[in-house]
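So that you can map any letter, position 89 of the sequence shown is 956 in this note's numbering, and since no number is skipped, the others follow by simple counting.
Ideal Cβ placement from N, Cα and C applies to all residues, glycine included.
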Amino acid sequence: MSKIEKILKDHHYKRSRIIQILQHVQAEYKYLPKDILESVSQKLKMPLSTIYSIATFYAAFSLTPRGKHLCTVCMGTACHVRGAPDVLARIEEKLGVETGGTTDDKQFTLETVNCLGACALAPIVVIDGTYHGQTTVNKVGGLLDKYHEKKGT
Ligand code: FES
């Protein structure tokens, strides 16, 4: 049985469970691959356009491949005035990817956010949910290396 057949079976092929099905697909593939969405559409007899409108409505879903590690740089006001733009530029340079992109080796996806509500720690970089406060241009290279070392874990 293919992965997608198993996912659909787990959700009893129910159209009413489409959000849970998409969450399951996202967890499995780290994003929502086009061919998988087409299979879901055919097997549930649900228009592809409906599936896409759900997939694009919720920010948690991604239609493009994501990296193993998610790196988020806060660009809110407090972080901005304390050097976040330089930190972000350094990360883009180090990873060789622009904000919103994923590295070719699929290790990192880089995103920005507007204020994480922890301005006292500005500037903040979050990697895989861990907050790294008072980040500097000099610190950020070593920080990313630590996650790179976790390859295959
Ligand atoms: S501006 Fe970055 S946490 Fe508030």
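Given a length threshold of 4 residues, each whole run of the alpha helix (DSSP H) inside the stretch 906-943 is given here in chain order: 915-924.
Excluding sequence positions up to five before and after residue 978, its CB lies within less than 6 Å of the CB of 939, all in the same chain and listed in chain order. Cβ neighbours of residue 968 within its own chain (closer than 8 Å, five residues either side excluded): 976 and 977. By the C-beta criterion, the stretch 896-906 is judged to be in contact with the stretch 924-933, since at least 3 inter-stretch pairs fall below 8 Å. In the DSSP assignment, residue 898 falls outside any beta strand (DSSP E), carrying neither H nor E. Secondary structure of residue 999 (DSSP, three-state): strand.
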